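Enquirer: Let me begin by handing over the structure; questions about it come next.
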Amino acid sequence: MEIEAVGYGTFRTPAGVARQAVADAIKVGYRHIDTAAVYENETEVGQGIKDSGVARKDLFVTSKLWNTERGYDKTKAAFQASLDRLDMDYLDLYLIHWPANTRQFGDQAESLNAETWRALEDLYNEGKIRAIGVSNFMPHHVEALMKTARIKPMVDQIEVHPGWTHATEIKALQAMDILVEGWAPLGGQGATVLTNPTMIEIGEKHGKSSAQVALRWSLQQGVLPLPKSTHIERMKQNADIFDFELSDAEMATISALKDLGGQSVDPDEVDY
Numbered sequence: 001m002e003i004e005a006v007g008y009g010t011f012r013t014p015a016g017v018a019r020q021a022v023a024d025a026i027k028v029g030y031r032h033i034d035t036a037a038v039y040e041n042e043t044e045v046g047q048g049i050k051d052s053g054v055a056r057k058d059l060f061v062t063s064k065l066w067n068t069e070r071g072y073d074k075t076k077a078a079f080q081a082s083l084d085r086l087d088m089d090y091l092d093l094y095l096i097h098w099p100a101n102t103r104q105f106g107d108q109a110e111s112l113n114a115e116t117w118r119a120l121e122d123l124y125n126e127g128k129i130r131a132i133g134v135s136n137f138m139p140h141h142v143e144a145l146m147k148t149a150r151i152k153p154m155v156d157q158i159e160v161h162p163g164w165t166h167a168t169e170i171k172a173l174q175a176m177d178i179l180v181e182g183w184a185p186l187g188g189q190g191a192t193v194l195t196n197p198t199m200i201e202i203g204e205k206h207g208k209s210s211a212q213v214a215l216r217w218s219l220q221q222g223v224l225p226l227p228k229s230t231h232i233e234r235m236k237q238n239a240d241i242f243d244f245e246l247s248d249a250e251m252a253t254i255s256a257l258k259d260l261g262g263q264s265v266d267p268d269e270v271d272y
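As structure tokens, this is what we get:
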């Protein structure tokens, strides 16, 4: 699986904005586009991809299965619906958006995840998806999935940003040879990652913004960040993180930051 080191996220990008934002992101250099059924913008994401003028084969497109569509048959139908909305005949990556948990499903959670995963495996073997993975699965969810899986998840997309590091989980997933992608790499709505004085100070030392520092911090841990912006200059800035390196001391300082906000959701506690 070949994948760009920084992706373009479309979470909370409304349908009326997503088409132009995706086209702009591709035009400034992004080749990895991340969406999901629950974002309700797949149609516009597909249109933006066409508007960009870049060939489909040169792009890496991800979508995700929403929680209401778990189970073998429903998963296959939901995948086809996403393809139809995107107006594509394959996806580069398809993810289970959240694990079924025991809070909602009790003893049936593990088997529900297994049946959902079996559908992804079959779609992969049919050539309709080039890589399959999960999102918001902690290592124990992956370990449970592997009891029956024929194919190991290739990607796990979890929340990763300063103040919410998931350091132990990242190491465990990487030890399983699973690529970790980071959603909300800048902290998300209401977070203070970008205004934190330490982040700003480190950025000034490198001639970079606090956003670029946060993204570089993810990258140096082997985490693929998925920043989102609808502003062209910020899109460019978010991708311009390959000409500097954070020192070990700076990495440790950032990793030690606390209480910077973000969604900070425990997948075992969600009820949606």
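All residue numbers for the sequence shown refer to the UniProt record's numbering, where the first residue is 1 and numbers rise by one. We treat Cβ as the ideally placed atom computed from N, Cα and C, and that holds for glycine. In this text, all values refer to a predicted model and were calculated from it rather than measured experimentally.
#1: Just list the alpha helix (DSSP H) runs in the stretch 86-131, keeping only unbroken ones of 4 residues or longer that don't cross its boundaries, in chain order.
#2: Thinking Ile158 and Val142 are a contact (beta carbons under 8 Å), I'd like their distance in whole angstroms, please.
#3: Provide the residue span of the beta strand (DSSP E) that contains Ile158, from first to last.
#4: Please classify Asn196 as buried or exposed, where buried requires at least 16 other C-beta atoms within 10 Å of its C-beta.
#5: Starting from the Cα of Ala252, find the closest Cα among Ala77, Ile241, Val265, Ser218 and give me that residue.
#6: Mapping the DSSP letters down to three states, classify His32 as helix, strand or coil.
#7: Below 8 Å CB to CB, which residues in the same chain sit around Gln108 once its five sequence neighbours on both sides are set aside?
#8: What residue does the beta strand (DSSP E) around Lys64 start on, and which one ends it?
#9: What did DSSP end up calling Lys52 once you bin it into helix, strand or coil?
#10: Which of helix, strand or coil does DSSP assign to Val134?
#11: Looking at the structure shown, is Pro225 part of a helix, part of a strand, or coil, going by DSSP?
#12: From Gly188 to Gln263, what does the alpha carbon distance come to, in whole angstroms?
#13: Does the contact criterion of 3 or more C-beta pairs under 8 Å hold for the stretch 235-254 versus the stretch 59-74?
#14: Assess, as a yes-or-no matter, whether the stretch 133-141 is touched by the stretch 151-166 under the definition of 3 or more beta carbon pairs within less than 8 Å.
#15: DSSP three-state label for Tyr39, please.
#16: Which one of Met88, Val61, Thr192, Gln237 has the shortest CA to CA distance from Gly207?
#17: What do you reckon, are the CB atoms on Leu59 and Ile96 nearer than 8 Å?
#18: Under 8 Å, with one C-beta from each stretch per pair, do the stretch 161-173 and the stretch 114-132 reach the 3-pair mark?
#19: Specify the secondary structure class of Val180 as computed by DSSP and reduced to three states.
#20: Please work out which residues of its chain come closer than 7 Å, Cβ to Cβ, to Asp266, disregarding the five sequence neighbours upstream and downstream, and give them in chain order.
#21: Could you tell me whether the stretch 211-225 touches the stretch 143-151, using the rule of 3 or more Cβ pairs below 8 Å?
#22: Does any residue of chain D have a CB that is nearer than 8 Å to the CB of Ile3?
#23: I need the DSSP call for Gly16, collapsed to helix, strand or coil.
#24: Among residues of its own chain, excluding the 5 on either side of Phe105, which ones have a beta-carbon nearer than 8 Å to its beta-carbon?
Expert: Looking at the coordinates:
#1: 102-105, 109-125
#2: Contact between Ile158 and Val142 does not hold, since the beta-carbon distance rounds to 11 Å and is not under 8 Å.
#3: Residue range 155-159 is occupied by the beta strand (DSSP E) that includes Ile158.
#4: buried
#5: Taking only the C-alpha atoms, the option nearest Ala252 is Ser218.
#6: strand
#7: Ala100
#8: 60-65
#9: Note that residue 52 is Ser in the sequence shown here, rather than Lys. Correct three-state label for Ser52: helix.
#10: Val134: strand per DSSP, three-state reduction.
#11: strand
#12: 7 Å
#13: no
#14: yes
#15: DSSP places Tyr39 in helix when its eight states are reduced to three.
#16: Gln237
#17: no
#18: no
#19: strand
#20: none
#21: no
#22: Absent from the structure: chain D. Only one protein chain is present.
#23: Gly16: helix per DSSP, three-state reduction.
#24: Around Phe105: Leu112.
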